[in-house]
Amino acid sequence: MPRYAPSRIEPKWQEWWEANHTFVSPRLPGKKKRYILDMFPYPSGDGLHVGHPEGYTATDIVSRFERMRGTSVMHPMGFDAFGLPAEEHAIRTGTPPAESTKRNIDTFRRQLKMLGFSYDWSREVATTDPGYVRWTQWIFLVLFDTWFDTTENRGRPISELPIPADVAAEGDRAVARYRDEHRLAFQSEAPVNWCPALGTVLANEEVVGGVSERGGHPVVRMPLRQWMLRITAYADRLDRELDGLAWPESIKKLQRDWIGRSTGAEVDFFIGECHGDTPADESFAAWQQTRKADGFPGKPTDDALRVYTTRPDTLYGVTAMVVAPEHPAVERLTRPEARGAVEAYREAASRKSDLDRTDLAREKSGVFTGSFCRHPLDGRLVPIWVADYVLASYGTGAIMSVPAHDSRDHEFAVAFGLGIVPVISPADGGEAELPFTAHGIAVNSGPYDGLATAAFLERVGSDLHSAGLGQPAVNYKLRDWLFSRQRFWGEPFPILHELDADGRETGVVRPVPESELPVPLPVLSDYKPGNTPDPPLSRANDDWLYVELDGVRYRRETNTMPQWAGSCWYELRFLDPLNSERFVDAEVERAWMPVDLYVGGAEHAVLHLLYARFWHKVLHDRGFVSWPEPFGQLVNQGMILGEMEFTGYRHPQGGWLSAEQTRVHPTQPGVTIDRETGDEATSVRIPAEQVEKQSEHFVLRDAPKIRVDSRAYKMSKSRGNVVNPDKIVQEFGADSLRLYEMFMGPLEATKPWSTAGVGGVRSFLERCWRLVVDERADDLALSSAVCDDPADEPQLRELHRMLEKVTSDIETLSFNTAIAKMMEFVNFCTPLERRPRAILEPFVKALAPFAPHLAEELWQVLGLPAPVSLADWPAIDERYLRDDTVEIPVQVQGKLRGRVTIDADADADAMIAAATADPRIAELLEGKTIVKTIAVPGRMVNFVVR
RNA sequence: GCCGGAGUGGCGGAAUGGCAGACGCGACGGAUUCAAAAUCCGUUGCCCGCAAGGGCGUGUGGGUUCAAGUCCCACCUCCGGCACCA
101 MPRYAPSRIE PKWQEWWEAN HTFVSPRLPG KKKRYILDMF PYPSGDGLHV
151 GHPEGYTATD IVSRFERMRG TSVMHPMGFD AFGLPAEEHA IRTGTPPAES
201 TKRNIDTFRR QLKMLGFSYD WSREVATTDP GYVRWTQWIF LVLFDTWFDT
251 TENRGRPISE LPIPADVAAE GDRAVARYRD EHRLAFQSEA PVNWCPALGT
301 VLANEEVVGG VSERGGHPVV RMPLRQWMLR ITAYADRLDR ELDGLAWPES
351 IKKLQRDWIG RSTGAEVDFF IGECHGDTPA DESFAAWQQT RKADGFPGKP
401 TDDALRVYTT RPDTLYGVTA MVVAPEHPAV ERLTRPEARG AVEAYREAAS
451 RKSDLDRTDL AREKSGVFTG SFCRHPLDGR LVPIWVADYV LASYGTGAIM
501 SVPAHDSRDH EFAVAFGLGI VPVISPADGG EAELPFTAHG IAVNSGPYDG
551 LATAAFLERV GSDLHSAGLG QPAVNYKLRD WLFSRQRFWG EPFPILHELD
601 ADGRETGVVR PVPESELPVP LPVLSDYKPG NTPDPPLSRA NDDWLYVELD
651 GVRYRRETNT MPQWAGSCWY ELRFLDPLNS ERFVDAEVER AWMPVDLYVG
701 GAEHAVLHLL YARFWHKVLH DRGFVSWPEP FGQLVNQGMI LGEMEFTGYR
751 HPQGGWLSAE QTRVHPTQPG VTIDRETGDE ATSVRIPAEQ VEKQSEHFVL
801 RDAPKIRVDS RAYKMSKSRG NVVNPDKIVQ EFGADSLRLY EMFMGPLEAT
851 KPWSTAGVGG VRSFLERCWR LVVDERADDL ALSSAVCDDP ADEPQLRELH
901 RMLEKVTSDI ETLSFNTAIA KMMEFVNFCT PLERRPRAIL EPFVKALAPF
951 APHLAEELWQ VLGLPAPVSL ADWPAIDERY LRDDTVEIPV QVQGKLRGRV
1001 TIDADADADA MIAAATADPR IAELLEGKTI VKTIAVPGRM VNFVVR
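Each residue of the first sequence is one higher than the one before, starting from 101 at the first, in the numbering used here.
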């Protein structure tokens, strides 16, 4: 009984493809190439999730389709294998991370192969492979060897960095220090996000609302020597060069917002000698003279407080200056009588974690320094305050406070009783409610009164510039990338710290020679991070830790790189994974890059995708890659939620609580309470057959007054709604899983899982099977209905319409409608008692990218030579796409009143004639005046009557 | 609070401004069967009607148009992201 048996067919063809190297890509592409890439997974211990195959199936369909069209396809897969879970597992169990990682990769590889993806497995890489780490470290050294030339707006070799004469005069050490300060990879002592629970420092991107993104542990700020990558140098290009990319606009916007480019002006406020004194009139006048003569200095001078503002048109509304607690001028600006309060405030601010700063942010805090500065335009005295709502790390670390036109400044002014002076009135002449942050017309602004905001900005910009008081400035929210981690399971930095005779670091660093890469991870007995930010690698034995080179002793860098490092360039390594001379061969890189289609989750919108673009641009500037951007087209697949659930609520005193009488607990998100009493309700999952829909809501069948919630939830272990792909493959087969995931809805949409739906596509595949195979025969045999008759006209029409739809839908990634069209085709063929090969064979080809195992098997049963996976994509004959006659709707007053059949190419007059000839329409038009007739050829007729 | 995205049958979803609900799930009916499973065929937005037919329908309220799920304005709900960046 040869029923459709995926468990027999699928392994058979997977082995065949592997044995015949069906999907191996050539070193160089032919005439047309497509590089189709999935975001490679982190191989977690849980194995593949049903979310993974969604994007992977989409790219697999496109890859298989393109191969059948004769395109050279690059479609690799690998593993982003460094990461915290493996290390945490190691800490708990003592298993070296390398071992558990290998095991997890083996599981992932088995699961991916089980789904029949057409990856070129000979190109597999894991970011943890020594052969891969070597080049990650090498690229780090490229960053270390690069400085950013702001005039040319590109990275250049450090050897080309111009050395100022005064630095050169100080000698080699000074020159080395100067270079170190300008490298794209540099060390910094800035405060960092230290997470005691994870025992590591985190990047800004990994801290969400003051707690770690992973695990939600508290994060505190402390100063530490860290490696930083100067991504800010590329902020402008990372922003601008998004323009040419075929990415979703929403992702581009997320990146733009993250980069946060803003334009405005830097303005200097005179503080004089300022040891807390008020600058005198005559010294202010002298300062103004000097500035007018010498212009605006590039670096702020000690006699001025420099602010950054996007609204220099509100300059006359300034009522205070506010500087960040960490601002270097605070010391000088604080008058003796305020010193105690200011010191205390700064001390408190330095100990506040980000969590405290954001949580307490609702209430503005700050202290007055006791000193004043001079307003650059009208010379008025302006008090200087310290407040932590001003960030030291943005702009100049100081702002001019304009309470009337900035909501934060407004809150601050209200809290401390500072003046509020409106200088912009609404353009419509109405009364402004303060703070009024929109554009408008200037008032109380001296010579600028009456100017519209845009004109004001232009005028005041040039006035400030010619007076030497200000200059246009651009700022970015983006911060430099904190690139070191105090963890074990990451790439070691290929950096050596020079030691003096006493074994102390001299501050001089040198790269590990290229010939000695990769720097391997040391063998440790214990992976636990310490209580201090001292990295685990510092506990390595001396053989690893200390190195002698050219007669000098060095200690290795003991920080490791973050998980993002490996994924910053893997798209390049796939092209040439075994190259031991270069990270990727130049010819190969030029031929295959950029990635033509990149599919993955939207959660990587600002992290991975920004970092990878940054590395790519550096490699491009240094001449190692030929394109400035790695990923041409990007598509985000949507999330797959668990099955739909109905949830009812039980009252603590017993009985049901209707859903609209509940709400979520204000502080505990998982808890539902009685809206009135606040009592905690118990959530109960209700089987679908016990509910019914009543107008807008679902209610209990037995108690229709009680509403229940209906929705699908994110899959999670705790909710117990995780679907395991292994089980689905076992029960339905890989082709069914692939097809179902594509049939659920649009690729980009979030959609709920339904196991019943998998059964639906499975029965479609069974219908495909019976179209070709004789299920009643004892052995695998062709159905007797399959014949060599020529296909008739209706059959060819059905076939070519299906082919046309499937082809265009794959091109637009609309797989759900492509599958629906194939289902229609099979429904058309099933009743045929004689089924011509002429329509079956092209159908099997069209099915092949979607359900490749079944297609191969059917191809073989049809007696055709394997593999159908590389057969020519069927040609579409336009002749069969057009109808001779069409049925069109006839409307009267825009309402459908009948249908008539007309020639497909009938003109408007012929259509109207046919429509009026229809007895029903004629009846409706009887006695009415036709005011207007609309006839759209081939589409419809509409009569407007009176 | 700000920025995105989405609201269409019992469910997932389809629809270049031109026949709303393709396709699938579920449900119902029929054929086949001793019976069941499987399979095949059919019906299935809601309301009125024996029927022919009619009315109402794409979150809500307005608008543009001969014609709106689709375009415009206002609002509601849900999902996702950001959150003192001057």
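Glycine included, C-beta positions come from ideal geometry on N, C-alpha and C.
**Prompt:** Quick one: what's got a C-beta closer than 7 angstroms to Asp580's C-beta in the same chain, skipping five residues either side?
**Reply:** Met328, Leu329, Arg330, Ile331, Thr332, listed in sequence order.
**Message:** According to DSSP, Ala420 sits in a beta bridge with which residue or residues?
**Reply:** DSSP, once it has assigned bridges, lists Ser501 as partnering Ala420.
**Item:** Contact set for Leu1063: own chain, Cβ-Cβ below 7 angstroms, skip 5 residues either direction
**Value:** The structure shown does not extend to residue 1063, since the chain spans only 101 to 1046, so no value can be given for it.
**Phe1107 versus Ser218, Asp249, Met1040, Lys577, residue with shortest Cα-Cα distance** = Any property of residue 1107 remains undetermined from this structure, which presents the chain solely from 101 to 1046.
**Asked** Thinking C-beta only, is Glu760 closer than 8 angstroms to Arg801?
**Response** No, they are not a contact pair.
**Prompt:** Nearest CA to the CA of Trp727: which residue from Ala1008, Leu137, Val695, Gln211?
**Reply:** Checked all of Ala1008, Leu137, Val695, Gln211; the closest Cα to Trp727 is Val695.
**Asked** What did DSSP end up calling Tyr707 once you bin it into helix, strand or coil?
**Response** Residue identity check: residue 707 is Leu in the sequence provided, not Tyr. Secondary structure at Leu707: coil, using DSSP grouped into helix, strand and coil.
**Coil, strand or helix - Cys887 by DSSP** = Assigned with DSSP and collapsed to three states, Cys887 falls in strand.
**Prompt:** If you draw a straight line from the C-alpha of Glu1026 to the C-alpha of Arg979, how long is it?
**Reply:** Take the alpha-carbon of Glu1026 and the one of Arg979: they are about 41 angstroms apart.
**Prompt:** Quick one: is Ile1002 buried, meaning 16 or more other Cβ sit within 10 Å of its Cβ, or exposed?
**Reply:** It counts as buried.
**beta strand (DSSP E) segments (min. 3 residues) lying fully within the stretch 278-350** = Qualifying beta strand (DSSP E) stretches, in chain order: 285-288, 291-295, 300-302, 320-323, 326-329.
**Prompt:** Looking only at C-alpha atoms, which of Trp756, Gln355, Asn659 sits nearest to Ala803?
**Reply:** When only C-alpha atoms are compared, the closest one is Trp756.
**Prompt:** Which residues mark the beginning and the end of the beta strand (DSSP E) in which His797 is found?
**Reply:** Unbroken beta strand (DSSP E) run through His797: 797-800.
**Item:** Nearest-angstrom Cα separation, counted from Ile786 out to Gly833
**Value:** In this structure, the CA atom of Gly833 is about 30 angstroms from the CA atom of Ile786.
**Asked** Secondary structure at Asn575, three-state DSSP: helix, strand or coil?
**Response** Under the three-state reduction of DSSP output, Asn575 falls in the strand class.
**Message:** So, for Ser507: in the same chain, excluding its five sequence neighbours on each side, which residues have a beta-carbon less than 6 angstroms away from its beta-carbon?
**Reply:** Once the five neighbours on either side are set aside, the close Cβ partners of Ser507 are Pro535.
**Request:** Leaving aside the five residues before and after Arg169 along the sequence, list all residues of the same chain whose C-beta is less than 7 angstroms from its C-beta, in chain order.
**Result:** Scanning its chain for C-beta atoms nearer than 7 angstroms, with the 5 sequence neighbours on each side dropped, one finds around Arg169 the residues Trp973, in chain order.
**Request:** State the start and end residues of the unbroken alpha helix (DSSP H) segment that holds Glu689.
**Result:** Start and end: 686-692.
**Asked** Thinking C-beta only, is Arg283 closer than 8 angstroms to Ile263?
**Response** No; because the gap between Cβ atoms is not below 8 angstroms, this pair is not in contact.
**Message:** For Pro230, report the span of its alpha helix (DSSP H) as first-last.
**Reply:** If you look at Pro230, you'll find it in the alpha helix (DSSP H) that goes 230-244.
**Message:** Check for me: the beta strand (DSSP E) holding Pro989 runs from which residue to which?
**Reply:** Run containing Pro989: 985-992, per the beta strand (DSSP E) assignment.
**Inside the stretch 802-878 only - alpha helix (DSSP H) runs reaching at least 4 residues** = Uninterrupted alpha helix (DSSP H) stretches at least 4 residues long and entirely within the stretch 802-878 occur at 825-832, 834-843, 855-872, given in chain order.
**Request:** Find the nearest neighbour of Val514 within the set Ser501, Thr390, Val301, Tyr135, judged by alpha-carbon distance.
**Result:** Among Ser501, Thr390, Val301, Tyr135, the Cα nearest to that of Val514 is on Ser501.
**Other residues of its chain near Ser465: CB distance less than 6 angstroms, five sequence neighbours each side excluded** = So the list is empty, once near-sequence residues are dropped.
**Asked** So Gly151 and Ile740 are in contact, right, with Cβ under 8 angstroms, and what is the actual spacing, rounded?
**Response** The Cβ separation is near 5 angstroms, so the contact holds.
**Asked** When we look at the beta-carbon of Pro633 and count the other beta-carbons within 10 Å, is it buried (16 or more) or exposed?
**Response** The residue in question, Pro633, is buried, as its Cβ has 16 or more Cβ neighbours within 10 Å.
**Request:** Have a look at Ser638, Leu837, Pro613, Glu841 and flag the residue whose alpha-carbon is nearest the alpha-carbon of Gly738.
**Result:** Considering only alpha carbons, the answer is Glu841.
**Asked** Does the Cβ-Cβ distance between Pro572 and Gln237 come in under 8 angstroms?
**Response** Against a cut-off of 8 angstroms, the Cβ pair of Gln237 and Pro572 comes out as no contact.
**Prompt:** When the Cα of Glu616 is compared with those of Pro230, Asp220, Lys352, which residue comes out closest?
**Reply:** Ranking the options by Cα distance to Glu616, first place goes to Pro230.
**Asked** Do you know whose CA, among Phe472, Pro143, Ala1008, Pro965, lies nearest Ala438's CA?
**Response** Each of Phe472, Pro143, Ala1008, Pro965 was checked against the Cα of Ala438, and the nearest Cα belongs to Phe472.
**Message:** When you compare the CB positions of Glu431 and Arg406, do they come within less than 8 angstroms of one another, or not?
**Reply:** Going by beta carbons, Glu431 and Arg406 fall outside the 8 angstroms limit.
**Asked** Who are Tyr670's beta bridge partners in DSSP?
**Response** Note: Tyr670 sits in no beta bridge, so no partner.
**Alpha-carbon spacing of Val267 relative to Ala274, whole angstroms** = Each residue's Cα considered, the two are about 6 angstroms apart.
**When Asp280, Val1045, Arg655 are compared against Leu243, the one with the closest alpha-carbon** = Leu243 has its Cα closest to that of Asp280, out of Asp280, Val1045, Arg655.
**Item:** Cβ-Cβ distance between Ala856 and Ala891 below 8 angstroms
**Value:** No, the pair does not count as a contact, with Cβ atoms beyond the cut-off.
**Message:** Can you look up Thr159 in the DSSP assignment and give me helix, strand or coil?
**Reply:** Helix, per DSSP.
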